[in-house]
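In my numbering, the protein residues as written are 127 to 491. No residue lacks a Cβ here, since even glycine has one placed at the ideal position from N, Cα and C. This report concerns only the one structure given below.
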């Protein structure tokens, strides 16, 4: 089950109490104090592990606690330290204070281990309080209490390319074709109910991570459909790929403008990222009809269409658009990097799409 938001209470362990003890031994009448110190309470750590991709483990858990330190013992024996609590989370997890909404931790690096709550210090045994004026101390320190905090964990998936589009425009089919992801695919809207991640292999040593989120519809910012609940999963992406369905009953210009508007309502920062456009399901239309639609769409964006065959390595039968820049770093953010017709089912122009996206990802990195 995919869970990307949970609230829970976490506590570090209490320190063990110091011991009040006096040395006793045959023929030794006044051995003096020998009470040992209490052990430190266990601390709370967060550890990032990319082998997990959900917060489902924490669902239903109300209070997670590190172990308390053990009390000290006689003969100057120290109490055992309490066992630490290590919370395993996927990359991209953010830790918020549930009461103030303050961001406490942003965990993005694989293998990163961060101390969150320090365990309580163990109390000193009475051996530490011996003095010339107090040779029989009967006092030892209690251990310090641990720290308790109510937190909210939110997962924001880390991906290089995020797919954005209306429901049933071919996002799941594309990510299933290009990557190792295995999303559910069906011919009805809102097939994808949770975000999916997939690694797209470009070559033996080159790849990038692609994220597919549930479809966005007009009025999503007002709660229609699945709302904008899952847009946090593409907030960290550097590049957005708008999926525009050429065979949809919605006009292509309407699809694009609606998606842009919903993104802006959610986050201005998200709406200003580099983006490209893939025109999907081109195998469902004749070349003549498709080119007419594509030309109208590109012109409506204030751009000049071209067939782009040589630069894309794509089929010359279809009109397309490519920003004329010598370096990818120079791409204008208010224009698409490219507009490319594709078909995931017929595998039309997918190789071109893969390499074009990788070039943008590499430039952003």
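Length-filtered (4 minimum) alpha helix (DSSP H) runs lying within the segment 406 to 475: 413 to 426, 435 to 438
In DSSP terms, what residue 220 is bridged to: 232, 280
Between which two residues does the alpha helix (DSSP H) holding residue 299 run? 297 to 304
Between which two residues does the beta strand (DSSP E) carrying residue 137 extend? Element bounds for residue 137: 131 to 137.
Give the straight-line distance between the Cα atoms of residue 176 and residue 212, rounded to the nearest whole angstrom. The straight-line gap from Cα to Cα measures roughly 15 Å.
Which same chain residues, not among the five before or five after residue 191, have their C-beta less than 6 Å away from its C-beta? 137
Here's the rule: buried if 16 or more other CB atoms are within 10 angstroms of the residue's CB, otherwise exposed. What is residue 534? Residue 534 falls outside the range modelled here, since the chain spans only 127 to 491, and no answer is possible.
Near residue 262, what residues of its chain come up, given a Cβ to Cβ distance below 6 Å and the 5 sequence neighbours on each side ignored? Taking residue 262 as the centre and dropping the five residues before and after it, the same chain places no C-beta closer than 6 Å to its C-beta.
First through last residue of the alpha helix (DSSP H) which encompasses residue 392: Counting along the chain, residue 392 sits inside the alpha helix (DSSP H) bounded by residues 378 to 392.
Spatial neighbours of residue 314 in its chain, beta-carbon cut-off 6 Å, leaving aside the 5 residues before and after: In this prediction, residue 314 scores a pLDDT of 40, lower than 50, which makes its location untrustworthy; the coordinate-derived value is nonetheless stated afterwards. When the five nearest sequence neighbours on each side are left out, no beta carbon in the same chain lies closer than 6 Å to the beta carbon of residue 314.
Tell me whether residue 318 is buried or exposed, calling it buried when 16 or more other Cβ atoms sit within 10 Å of its Cβ. With a pLDDT of 46 at residue 318, under the threshold of 50, the modelled position of that residue is not reliable, and the figure given next carries that caveat. Classification for residue 318: buried.
In angstroms with no decimal places, state the Cα-to-Cα distance between residue 392 and residue 363. 15 Å
Stretch-stretch touch, CB-based, cutoff 8 Å, three pairs: the segment 402 to 411 with the segment 460 to 474: Yes: the two stretches touch, three or more of their Cβ pairs being nearer than 8 Å.
Residue 400 bridges to which residues according to DSSP? Answer is 365, bridged to residue 400.
Quickly, what does DSSP pair residue 206 with across the bridge? List them, please. Looking at the DSSP assignment, residue 206 forms no beta bridge with any residue, so it has no partner.
Consult DSSP for residue 265 and reduce its assignment to one of helix, strand or coil. coil
Determine the burial state of residue 331: buried for a count of at least 16 other Cβ atoms within 10 Å of its Cβ, exposed for fewer. Exposed, because fewer than 16 other Cβ atoms sit within 10 Å of the Cβ of residue 331.
Mind checking residue 390: buried by the 16 CB within 10 Å criterion, or exposed? Of the residues assessed, residue 390 falls on the exposed side of the cut-off, its CB having fewer than 16 other CB atoms within 10 angstroms.
Got a sec? Which residues, its chain only, sit under 7 Å from residue 451 by beta carbon, not counting five neighbours each side? Closer than 7 Å at Cβ, skipping near neighbours: 457.
Identify every residue that forms a DSSP beta bridge with residue 151. 154
Neighbourhood of residue 379 by C-beta, 7 Å cutoff - its chain only, sequence neighbours within 5 removed: 423, 426
Less than 8 Å separating the beta-carbons of residue 292 and residue 376? yes
Ordered along the chain, which non-local residues of its own chain (more than five positions away) have a Cβ less than 6 Å from that of residue 133? 224, 278
Under a three-way DSSP split, which group does residue 240 fall into? strand
Do the CB positions of residue 272 and residue 248 come within less than 8 Å of each other? no
Could you say which of 374, 288, 372, 338 lies nearest to residue 365 if we only look at CA atoms? 288
Span of the beta strand (DSSP E), counted from its first residue to its last, around residue 273: First-last for residue 273: undefined, no H or E at that position.
Spatially closest choice to residue 453 from 306, 266, 463, by CA coordinates: 463
Reference residue 444, options 485, 321, 415, closest by Cα: 415
For residue 438, does the count of other Cβ atoms within 10 angstroms reach 16, so buried, or fall short, so exposed? Buried: at least 16 other Cβ atoms inside 10 Å.
Which residues bound the beta strand (DSSP E) around residue 337? Taken as a continuous stretch (DSSP letters only), the beta strand (DSSP E) holding residue 337 covers 333 to 338.
As a quick exercise: from 468, 491, 129, 251, pick the residue whose alpha carbon is nearest that of residue 301. 468
Starting from residue 189, trace the beta strand (DSSP E) both ways and give me its first and last residue. 189 to 191
Below 6 Å CB to CB, which residues in the same chain sit around residue 270 once its five sequence neighbours on both sides are set aside? 141, 246, 247
Once DSSP output is grouped into helix, strand and coil, what is the label at residue 480? helix
Looking only at its chain, what residues have a beta carbon closer than 6 Å to the beta carbon of residue 286, apart from the 5 residues adjacent to it on each side? 334, 335, 487
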